[in-house]
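Down below is the structure, laid out as structure tokens.
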Amino acid sequence: MSHRRSKHLRPPRPLASVHPYAEEKSDGRWIVQTMPGAKTLKTYRCPGCSAAISPGTAHIVAWPDTPGLGDDRAVDARRHWHTACWERHR
Ligand SMILES: [Zn+2]
């Protein structure tokens, strides 16, 4: 007897396009997520160029894939980067 759930049509999810992906840098493996400008409501400081990322600027958020010792919440270590600065950063 099979109790397969009937497949009911779910509305397609809005295309978020914010899938995190992993990227290897010289300082380790980072999880990277793109932030569309429309979602950027705060000003962040870019560690690459020390300049501000203004609200409305598309950029990326990166956090360590492997948290360091005593750092059990990698999400706390998130950094906001200009996309170009992140790509320059090796
Ligand atoms: Zn920058």
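According to the working numbering, the stretch in the sequence shown is residues 2 to 91, in order.
The C-beta atom is built at its ideal place from N, Cα and C for all residues, glycine as well.
Secondary structure at residue 59: coil, using DSSP grouped into helix, strand and coil. With fewer than 16 neighbouring CB atoms inside 10 Å of its own CB, residue 20 falls in the exposed class. Taking the Cβ of residue 81 as the reference point, every heavy atom of ligand 1 lies at 7 Å or farther away. Counting along the chain, residue 85 sits inside the alpha helix (DSSP H) bounded by residues 84–89. Taken atom to atom, the span from the alpha-carbon of residue 86 to that of residue 59 is near 12 Å. Here residue 39 is exposed, its C-beta having fewer than 16 other C-beta atoms within 10 Å. Of the candidates 25, 67, 54, 54 places its Cα closest to the Cα of residue 84.
The residue among 65, 48, 56 with its C-alpha nearest the C-alpha of residue 32 is 65. For a cut-off of 8 Å, the C-beta gap from residue 41 to residue 56 is around 5 Å, short enough to register as a contact.
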